[in-house]
Structures are given as structure tokens and as C-alpha cells.
Amino acid sequence: MSEEDDLDLSTLDDDELVQQMHDDLYDGLKDEILEGVNILLGRGWTPYDVLTKALVEGMRIVGVDFRDGILFVPEVLLAAGAMKGGMGILRPLLAETGAPKLGKMVIGTVKGDIHDIGKNLVGMMMEGAGFEVIDLGINNPVEKYLEALEEHKPDILGMSALLTTTMPYMKVVIDTLKEKGIRDDYIVLVGGAPLNEAFGEAIGADHYCRDAAVAVEIAKEAIKRRHNAA
Ligand code: B1M
3 MSEEDDLDLS
13 TLDDDELVQQ
23 MHDDLYDGLK
33 DEILEGVNIL
43 LGRGWTPYDV
53 LTKALVEGMR
63 IVGVDFRDGI
73 LFVPEVLLAA
83 GAMKGGMGIL
93 RPLLAETGAP
103 KLGKMVIGTV
113 KGDIHDIGKN
123 LVGMMMEGAG
133 FEVIDLGINN
143 PVEKYLEALE
153 EHKPDILGMS
163 ALLTTTMPYM
173 KVVIDTLKEK
183 GIRDDYIVLV
193 GGAPLNEAFG
203 EAIGADHYCR
213 DAAVAVEIAK
223 EAIKRRHNAA
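In terms of the numbering used here, the sequence shown is residues 3 to 232.
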């Protein structure tokens, strides 16, 4: 049995535990991540802090080494699986809110793109802030977005793209909405690591959202402005 197997996570102090969780996420150790999340929650950490300080930061480190060719797809998939496990515990806690629904959002990752961790996080945070969220999953062609808009009549359309090759597809969706004369029926929010403010503006989105917390703030503001205008 290795030293790692012997480690009792509950004996670590908060900083050590968070550090260990970054390592465990890196190594794709889902059970350890689940345990770490539960320990931090048990110590009174807010779900948001566990999410951002232990999980998102850990995934950021994974991303750096993936970029630098130190980690490869199979390892990153394991890390993503561990991250999703931890998010599964936090989701209902973040969504616990007795507040009336602020609005409705349809969100999905665009065609050709299977990255969904960031989108899922945005969905979780939006739910937590009191929005109803309809998640279309990954790899969505424009038809899927159109069907969902027709069916759910949301206030907000959110799109996610993590690849420079898939981010232009957001413009395809927005241009299709324009052609159909329904672009202004929705607040269009876009996000994903390779995007920026200028890109969001260039494709005709209402706002680019740097991260999930920013997405929530922007969504709240945009809904408020809409209601005031109405
Ligand atoms: Co991929 N991948 N990946 N990958 N992957 C990136 C994106 C990459 C930057 C890694 C790198 O080289 N450094 C790179 C893209 C390079 C580029 O295009 N410039 C890359 C590549 C190249 C690829 C493949 C092509 C690799 C290959 O096969 N050779 C392949 C593509 C597959 C495809 O989609 N067709 C691929 C595959 C994968 C995995 C399947 C292994 C896995 C995805 C698992 C999953 O999502 N279920 C994966 C992962 C995990 C990553 C990295 C490491 C991490 C992404 C992530 O989850 N980040 C990523 C490196 C990186 O981003 N630094 C990388 C954590 C997440 C919380 O952040 O997604 O940015 P993020 O979301 C944030 C914000 O961006 C924002 O809020 C979120 C939360 O704060 N946001 C929104 C995101 N969406 C939003 C939507 C909104 C609002 C805000 O709407 C309102």
C-alpha cells in the first residue's frame, strides 16, 4: 500500500486538504475528491468556496499542464470525471434557494465541442441564484437551440465554447436568430476560455461572461434592465 493510500484526508488542515484535493483532481481520484468535498462542507465551508477554491482552481492547474503537453486526454478525462463527481455534491446545495425564479435560461455547448464543465458550472450557479436552467448538453447544432427556444421560451440563451475552432459557431446561431427575426427576443450570453469581450461584441452577443459568477451578475442585470424597459 502506498503512502497516498494511507492518507486520512480528515487529519489535514484546510489549506493542506485543498492542496491535496488539487493533487487528487490532477490524478483523477474521484473518491478522494468526493471525500474532500464532504469534509470541507462538514467544516462549514460554503459550497461556493469549495467549488471555486478546491475544484475550479484544481482544474485550472490541470488545464495548464494539458496545454503544456504534460497531461493528455485520458488523464484530463479522469480529472474531469473527478471534478464532475464533486460538482454533483455541490449542485443541490448551490441550487437551494427559496427565492422566486428570476428568469429562465437555455444553455448549451456549441456544435463540435464536447467541453461541458464550465457550462455545467454556469448552470449550477445560475440555478443557485434563482434562475430556471434548461441544459441542452454538448455539441449543439443551431436547430437544437432553436427548438429549445421555441419550446421553453427563455429570457436568456447561453452558449459555451472552449475551442478556437468551435467559437465561431456562436455567430452561426446568432445570425440564424437574426434571419428569423427573433434575435432581440433573447438576452444572448456567451462564454468559454478562448473568448473575450471583443469576440462577444463582434458576433453580436449581448454579453461575454468571463466566468460563472460574472454570468450570474450579468444575467441579473440584463433581466432587470429588460423588466424596467418593459
Ligand atoms: Co480540452 N481543450 N480538448 N478537453 N480542455 C482545452 C479547452 C484547451 C485550451 C487545452 C489546451 O490546449 N490548453 C484546448 C483548446 C485549444 C484551443 O482551441 N485554443 C483543448 C483541446 C485542444 C482539446 C481537444 C481538441 C484535444 C484533443 O482531442 N487533441 C479535444 C476537443 C474535443 C471536442 O470538444 N471536440 C479536447 C477534449 C477535452 C476532454 C474531453 C479531455 C476534456 C473535457 C471534459 C469535459 O468537459 N467533460 C477537456 C478539458 C477538461 C480541457 C481543459 C483542460 C479544461 C476545461 C475546463 O473544464 N475548465 C481545457 C484547458 C483550459 O481551459 N485551460 C481544455 C474548467 C472550467 C471551469 O472552465 O470551461 O473555461 P471553463 O468555464 C468557465 C468560463 O470559461 C465561463 O464560466 C466557466 C466557469 O467559471 N464559461 C461560460 C464557460 N462557458 C460559459 C458559458 C456561458 C457563460 C460563461 O454562457 C452564459
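Glycine is no exception: its CB is placed at the ideal position from the N, C-alpha and C atoms.
Alpha carbon to alpha carbon, how far is Leu138 from Thr111? Give it in angstroms, no decimals. Counting only the Cα atoms, Leu138 lies some 8 Å from Thr111.
Classification of Phe133 by the beta-carbon crowding that lies within 10 angstroms, buried from 16 upward: Counting Cβ neighbours within 10 Å, Phe133 comes out buried, since at least 16 surround it.
What span of residues does the alpha helix (DSSP H) with Leu80 cover, start to end? Here the alpha helix (DSSP H) through Leu80 covers Val75 to Ala97.
In the DSSP assignment, the alpha helix (DSSP H) including Val52 goes from what residue to what residue? Element bounds for Val52: n/a, residue is neither H nor E.
Does the separation of the CB atoms of Gly30 and Ala81 fall below 7 Å? Yes, Cβ-Cβ distance for Gly30 and Ala81 is below 7 Å.
Is Ala84 near Leu27, with beta carbons less than 7 Å apart? Remark: C-beta atoms of Ala84 and Leu27 approach each other more closely than 7 Å.
Classify Tyr210 as helix, strand or coil using the three-state DSSP reduction. Note: Tyr210 maps to strand in three-state DSSP.
Best match in Phe201, Lys222, Leu14 and His24 for proximity to Thr166 [C-alpha to C-alpha]: Distance from the Cα of Thr166 is smallest, within the candidate group Phe201, Lys222, Leu14 and His24, for Phe201.
Just tell me which of Gly38, Asp8 and Asp33 has its CA closest to the CA of Asp16. Minimum Cα distance to Asp16 is reached at Gly38.
Determine the direct distance from the alpha carbon of Ala232 to that of Asn40, and round the result to whole angstroms. Between the C-alpha atoms of Asn40 and Ala232 there is a straight-line separation of about 44 Å.
8 Å contact criterion, which Leu53 and Lys222 should meet: CB distance rounded: Leu53 to Lys222, Cβ: 19 Å. No contact.
Identify every residue that forms a DSSP beta bridge with Asn142. Listed as beta-bridge partners of Asn142 by DSSP are Val112.
Counting pairs of beta carbons, one from the region 140 to 148 and one from the region 41 to 60, are three or more of them closer than 8 Å? Segments in contact, no.
Local conformation of Lys182 per DSSP, three classes: Reduced to three states, the DSSP call for Lys182 is coil.
How about Val192 and Tyr147: are their beta carbons less than 7 Å apart? For Val192 and Tyr147, no; Cβs fall outside 7 Å.
Compute the Euclidean distance between the alpha carbons of Met3 and Pro94, then round it to the nearest angstrom. Annotation note: pLDDT 38 at Met3 (below 50); position unreliable, coordinate value reported separately. Going by the C-alpha atoms only, they are around 35 Å apart.
Enumerate, from N- to C-terminal direction, the unbroken beta strand (DSSP E) stretches of 3 or more residues contained entirely within the region 147 to 195. Entirely contained in the region 147 to 195, the beta strand (DSSP E) runs reaching 3 residues are, in chain order, 158 to 162 and 189 to 193.
Gly88: which of Glu34, Asp118 and Gly65 sits nearest, CA to CA? The shortest Cα separation from Gly88 among Glu34, Asp118 and Gly65 belongs to Glu34.
Return the residue from the list Ala217, Glu199, Asp10 and Ala163 that minimises the CA-CA distance to Met107. For the residues Ala217, Glu199, Asp10 and Ala163, the minimum Cα distance to Met107 belongs to Ala217.
How would you call Gly160, buried or exposed, if buried means at least 16 neighbouring beta carbons within 10 angstroms? When all chains shown are included, Gly160 counts as buried.
Do Ala214 and Leu164 have their beta-carbon atoms positioned less than 7 Å apart in this structure? No, these two residues do not count as a Cβ contact at 7 Å.
Closest to Leu2 by C-alpha separation, out of Arg227, Leu92 and Val64, would be which residue? Residue 2 lies beyond the residue range present for the chain, which begins at 3 and ends at 232; the question has no answer from this structure.
DSSP state of Asp29, grouped into three classes? Three-state DSSP puts Asp29 in coil, outside helix and strand.
How long is the line joining the alpha carbons of Ala204 and Leu11, rounded to whole angstroms? Taken atom to atom, the span from the alpha-carbon of Ala204 to that of Leu11 is near 48 Å.
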